[in-house]
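Worksheet for the structure shown next.
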Amino acid sequence: MGQLEWMARGATLAALGLATVAFQYFAWRACRTEAVTPRHLLREEGAWFTVVFVLLTTLITLGVLGFATGAPWLAPTMIAMPAAVEAAGALLALAGAAGIAWTMATLRDNHTITTVTRAEHQLVTTGPYRWVRHPLYAFALLMCIGFTLATGSLLVAAATLAGLPLGRVRMEREEAALVERFGDRYKEFMARRGRLWPRAL
């Protein structure tokens, strides 16, 4: 195994670890504030949404871990990628994971597990929110594309594609909740920023 392959494996693991730590830490902070229970989560997000999200996340995690560890039982689900493509994908995944952590740190206590906004929720317009409305989803998509290129995993590719409509549903729910909470302020925010990439693009 060449140096690029080793780098790709290490970077994909680092990306997965960074994204997981960021999500878990800020989810813990949100749950501590919101007192979210599994029943509450299922009620607010819907059972089908929650189950599908967990399934897709599991598939992506399996694909990345299978690539990083060279698990032989996952070999039939993987396509061998050129070393340069693996390395480029791993760097994209790492950039996406760093963006996720940046977004979470920008949101801080405004991050919620569900799409319901709290009474003390503030409209965040700093950090990556200066350019796009949903940087968390934009960076997550970048990370998943990177994982797909790095691993050549059919599991990751399928989960990424299946997650696109799921992400759109979630973004629309969040926007509806934020319009209800902030009214014209959020409508103006939406008008000046693209959903996943800057409006100028």
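So the sequence shown is numbered by UniProt numbering: it starts at 1 and just counts up by one.
For every residue, glycine included, the Cβ atom is placed at its ideal position computed from N, Cα and C.
Provide the residue span of the alpha helix (DSSP H) that contains residue i, from first to last.
i: Arg193; result: No alpha helix (DSSP H) holds Arg193; DSSP gives it neither H nor E.
i: Ile60; result: 47-69
i: Trp102; result: 83-107
i: Thr77; result: Neither: Thr77 is in no alpha helix (DSSP H) and is coded neither H nor E.
i: Leu123; result: Counting along the chain, Leu123 falls outside any alpha helix (DSSP H), and DSSP gives it neither H nor E.
i: Gly163; result: 154-182
i: Gly146; result: 135-151
Is it right to say residue i is buried, meaning 16 or more other beta carbons lie within 10 angstroms of its own, or is it exposed?
i: Gly66; result: buried
i: Thr151; result: buried
i: Ile100; result: buried
i: Leu178; result: buried
i: Gly163; result: buried
For residue i and residue j, what's the separation of their Cα atoms in angstroms?
i: Gly127; j: Leu142; result: 17 angstroms
i: Ala140; j: His121; result: 23 angstroms
i: Asp109; j: Arg133; result: 17 angstroms
i: Thr77; j: Trp28; result: 33 angstroms
i: Glu188; j: Glu180; result: 13 angstroms
i: Pro72; j: Ala47; result: 33 angstroms
i: Gly96; j: Ile79; result: 22 angstroms
i: Thr61; j: Thr125; result: 31 angstroms
i: Gly2; j: Thr20; result: 27 angstroms
i: Val169; j: Cys144; result: 18 angstroms
i: Phe182; j: Gln24; result: 27 angstroms
With the cut-off set at 8 angstroms, would you say residue i and residue j are in Cβ contact?
i: Leu74; j: Val156; result: no
i: Leu166; j: Phe53; result: yes
i: Leu18; j: Ala87; result: no
i: Ala15; j: Ala83; result: no
i: Trp131; j: Pro198; result: yes
i: Met190; j: Tyr137; result: no
i: Arg185; j: Leu107; result: no
i: Phe147; j: Gly10; result: no
i: Ala159; j: Leu56; result: yes
i: Phe26; j: Met104; result: yes
i: Ala8; j: Ala90; result: yes
i: residue 203; j: Leu149; result: Any property of residue 203 remains undetermined from this structure, which presents the chain solely from 1 to 201.
Can you check which of these residues, the options, is closest to residue i by C-alpha distance?
i: Ala68; options: Ser153, Pro135, Gly163; result: Ser153
i: Leu196; options: Pro135, Leu149, Val169; result: Pro135
i: Gly194; options: Gly183, Phe182, Glu175; result: Glu175
i: Trp6; options: Cys144, Leu164, Gly70; result: Gly70
i: Arg192; options: Cys144, Ile145, Tyr129, Arg168; result: Tyr129
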